[in-house]
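Peer 1: I have a structure here, written as structure tokens, and I will follow up with some questions on it.
There are 2 protein chains.
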Amino acid sequence: MREFELIKVVEELFGKEDLDVPAGTHDAAFLRRGTEFLVFTCDTVNEISDFPKYMKPGEFGKMAVAVTLSDLAASGARPMVFLSSISMKKADEELFRAILGGIKEWCEKFGVKVAGGDIDFSPVLTIAGFAVGAAKRVITRAKAKPGDRLFITAPLGKAQLCLEMLEKGFVRDELPYAEKLYTPEPRIDEGLRIAEFANALTDISDSLSVSAHLISRDSRVKVVLNPDVDLSHLTGYVDKEKALELFLFGGGDYELLFTAEDSDVGIEIGRIEEGSGVFLGKKALEFRGYSHF
Amino acid sequence: MREFELIKVVEELFGKEDLDVPAGTHDAAFLRRGTEFLVFTCDTVNEISDFPKYMKPGEFGKMAVAVTLSDLAASGARPMVFLSSISMKKADEELFRAILGGIKEWCEKFGVKVAGGDIDFSPVLTIAGFAVGAAKRVITRAKAKPGDRLFITAPLGKAQLCLEMLEKGFVRDELPYAEKLYTPEPRIDEGLRIAEFANALTDISDSLSVSAHLISRDSRVKVVLNPDVDLSHLTGYVDKEKALELFLFGGGDYELLFTAEDSDVGIEIGRIEEGSGVFLGKKALEFRGYSHF
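Structure follows, in structure tokens:
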């Protein structure tokens, strides 16, 4: 979990910048500009940590867009522009064109203009993505209220299931949710809708556990997950214990987690109470999930 | 010059995006928002290409800020926020803290808020910087007019002189312009002032030759540089021929190049005529300068 310790340094140094939501305190930063809030985020993917076996070059670009825009979805922001810095081993025009093609396709799909692409050199193929969006109001993971119900936008664990199947020797065509692993979609429309009524919102990139812990910490509340959550999307492939593990600790889903008094969007998976920590029923849930390093 | 070929791919794919100035056509992209233009840019530095010998970790951060904000200076924009994606070999908190400290110092110096810092892994220390600014009007390198005079904000070649002295075995304390090499400053205030009256504006990151060629190409004009330009800042260290080479083809100065009918800012170094190409007096000047790869 060293990445989280480094993020604390960001919060320490920049958590008091004169922004409406500063860096390190949410998935993206907010700055009021005229009648709206501009929302800024950056996220980086590389071939070692983020590009599963059998991933196609165009999908590298889509992944970079998805993880970055997911932070805007988690801020209830409408994405405006996307920029990227692509570090390649060498000046490979075919690869560069394929990556940019993926970026273009995914940006068009989610209504975002591509406003820049920088090139650099690295032995590890890396794409740093940056996005700017606009939001009507500030919503972060910091305003969950006791009494709120907890929701996710879709069943979790599919990407991690596929990743682990790859590690066991399955090929891409055999994966039940390949599209979830290779071409995840940021929940932009859902985020815009959820921001109208929810109290707290974040995305699930590392794991449900990590995101729930961040809501608990930042909102100073207790998060209680239902132990009898529906795992039928996983239990056809793994046993029930493993399915729960994937649901709670699997990364790469890029769904949204939010709390609200009520919601006609998403799946209810728990509730917010007074107190602290994250619980699965009565059992404390450890802070664990995917992390770089 | 492979980097320039790849940038053409960016222009080909994204040069028609619905922006007021799209990616690949200037140092930064412009998008009208309300009564102003938002200006977006990203730029990447790494320890192989961009961090000279003896550079301190805090200066890595300053460099990342300088090269990125220089694109906003070249757009006559007031910087609003800076974000960065830092790729390190391992989770080294001391290094991370030093880099962020440099970013903080340089952002404060130039009035920019730090709105995000992402962490990733790479065997090559790399910092991708991203900045958003606001401009009152669009100024690019595309509107130079025959009859304009050509200006730079300060004498050129100092950074390259120091870099080449390092290669010859000089140490940092012996360099005449160490601050220009290690801690270049983006010409933000100058850019804001120049944007009020200039016809074309760009920064000089790769070389004067490269920037002059880009003005010539995008404005469809002939750029004529004075052959008797003042080289006294260099001739104390190298002969006159080498001094001219550094002035024309040296990189890393991050000064601004602009064309205007007249200017009380900067140093006049040439003129704009009808035609095409870049000339030093009557001699065609080759397109050459610093490039990654």
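So the sequence lines, in the order shown, correspond to chains A and B. In this text, residue positions in the first sequence follow this note's numbering: the first is 870, and each later residue adds one. In this text, residue positions in the second sequence follow this note's numbering: the first is 870, and each later residue adds one. Glycine included, each C-beta is placed from N, C-alpha and C at the ideal position.
(1) Is the shortest distance between the beta-carbon of A:Ala-1028 and the beta-carbons of chain B less than 8 Å?
(2) Consult DSSP for B:Met-1034 and reduce its assignment to one of helix, strand or coil.
(3) Helix or strand or just coil, what does DSSP make of A:Asp-1087?
(4) For a contact defined as C-beta to C-beta under 8 Å, what are the partners of B:Asp-987 on chain A?
(5) Any C-beta of chain B sitting closer than 8 Å to the C-beta of A:Gly-903?
(6) Do you know whose CA, among A:Phe-1127, A:Asp-1058 and A:Gly-927, lies nearest A:Gly-970's CA?
(7) Give the interface partners of A:Ile-1008 over in chain B, defined as CB-CB distance under 9 Å, in chain order.
(8) If you pair each beta-carbon of the segment 904-920 of chain B with each one of the segment 993-1013 of chain B, do three or more pairs fall below 8 Å?
(9) Can you tell which of A:Pro-1053, A:Ser-1101, A:Ala-1013 and A:Thr-894 has its C-alpha closest to the C-alpha of A:Arg-1140?
(10) Is A:Glu-1048 helix, strand or coil when you go by DSSP?
(11) Which class does B:Arg-1140 belong to by DSSP, given the choice of helix, strand or coil?
(12) CA-CA distance, B:Gly-1135 and B:Lys-978?
(13) For A:Phe-929, return the contacting residues in chain B, with the cut-off set at a CB-CB distance below 8 Å.
(14) My understanding is that B:Pro-948 touches B:Ile-1057, with C-beta atoms under 8 Å, so please give their C-beta distance in whole angstroms.
(15) Give me the Cα-Cα distance between A:Ile-988 and A:Glu-1143, rounded to the nearest whole angstrom.
(16) Residue ranges of each alpha helix (DSSP H) run of no fewer than 4 residues wholly in the segment 922-972 of chain A, ordered along the chain?
(17) So A:Arg-966 contacts chain B; which residues on that side make the cut at Cβ distance below 7 Å?
(18) Please tell me whether B:Ala-984 has its Cβ less than 8 Å away from any Cβ of chain A.
(19) Which same chain residues end up closer than 6 Å to A:Lys-922 when comparing Cβ atoms and leaving out the 5 residues on each side of it in sequence?
(20) Classify A:Gly-884: buried if its beta carbon has 16 or more other beta carbons within 10 angstroms, exposed otherwise.
(21) Skipping 5 residues on each side, what residues in its chain have a beta carbon closer than 7 Å to that of A:Ala-967?
(22) Which same chain residues, not among the five before or five after A:Glu-1043, have their C-beta less than 8 Å away from its C-beta?
(23) So for B:Phe-909, helix, strand or coil by DSSP?
(24) Classify B:Gly-1120 as buried or exposed, calling it buried when 16 or more other Cβ atoms lie within 10 Å of its own Cβ.
(25) Under a CB-based cut-off of 8 Å, is A:Pro-847 close to chain B?
(26) Terminal residues of the continuous beta strand (DSSP E) containing A:Lys-982?
(27) Give the DSSP-derived three-state secondary structure of A:Phe-1156 in the structure shown.
(28) With a threshold of 8 Å between beta-carbons, can B:Val-950 be considered close to chain A, or not?
(29) What is the DSSP secondary structure of A:Gly-1060, counted as helix, strand or coil?
(30) Using the C-alpha atoms, what's the distance from A:Leu-1149 back to B:Ala-933?
(31) For the pair the segment 1070-1086 of chain B and the segment 950-962 of chain B, tell me if three or more CB-CB distances fall below 8 Å.
(32) Would you say B:Lys-973 faces chain A, with C-beta separation under 8 Å as the test?
(33) Per DSSP, what kind of secondary structure is B:Phe-883 in: helix, strand or coil?
(34) Straight-line CA distance for A:Glu-1114 to A:Asp-1108?
(35) Give the range of the beta strand (DSSP E) segment to which B:Ala-1004 is assigned.
(36) Does the CB of B:Asp-887 have a neighbour CB from chain A at under 8 Å?
Peer 2: A quick look at the data gives this:
(1) no
(2) If DSSP states are grouped into helix, strand and coil, B:Met-1034 belongs with the helices.
(3) helix
(4) Residues of chain A passing the Cβ test: Cys-911, Asp-912, Thr-913 and Ala-997.
(5) yes
(6) Relative to A:Gly-970, the option among A:Phe-1127, A:Asp-1058 and A:Gly-927 whose CA is nearest is A:Gly-927.
(7) Neighbours of A:Ile-1008 on chain B: none; closest Cβ ~17 Å, over 9 Å.
(8) The segment 993-1013 of chain B and the segment 904-920 of chain B touch, with three or more beta-carbon pairs separated by less than 8 Å.
(9) A:Ala-1013
(10) helix
(11) DSSP, reduced to helix, strand and coil, places B:Arg-1140 within a strand of the structure shown.
(12) 22 Å
(13) Ordered by position in chain B, no residue passes the 8 Å Cβ test against A:Phe-929, which lies about 14 Å from the chain.
(14) Taking C-beta atoms under 8 Å as the contact rule, B:Pro-948 and B:Ile-1057 qualify, at a distance of about 6 Å.
(15) Cα to Cα, A:Ile-988 sits roughly 49 Å from A:Glu-1143.
(16) 926-942
(17) Within 7 Å Cβ-Cβ: Val-878.
(18) yes
(19) Leu-1035
(20) Of the other Cβ atoms in all chains shown, fewer than 16 fall within 10 Å of the Cβ of A:Gly-884; this residue is therefore exposed.
(21) So the qualifying residues of the chain are Pro-926 and Gly-927.
(22) Met-1034
(23) strand
(24) Counting Cβ neighbours within 10 Å, B:Gly-1120 comes out buried, since at least 16 surround it.
(25) Since the first and last residues shown for chain A are 870 and 1162, residue 847 of chain A lies out of range.
(26) Per DSSP, A:Lys-982 belongs to the beta strand (DSSP E) from 982-990.
(27) coil
(28) Interface residue, yes.
(29) Helix.
(30) 44 Å
(31) No: fewer than three Cβ pairs fall under 8 Å.
(32) yes
(33) For B:Phe-883, the secondary structure class from DSSP, reduced to helix, strand or coil, is helix.
(34) 10 Å
(35) 995-1004
(36) Under the Cβ criterion of 8 Å, B:Asp-887 is counted among the residues facing chain A.
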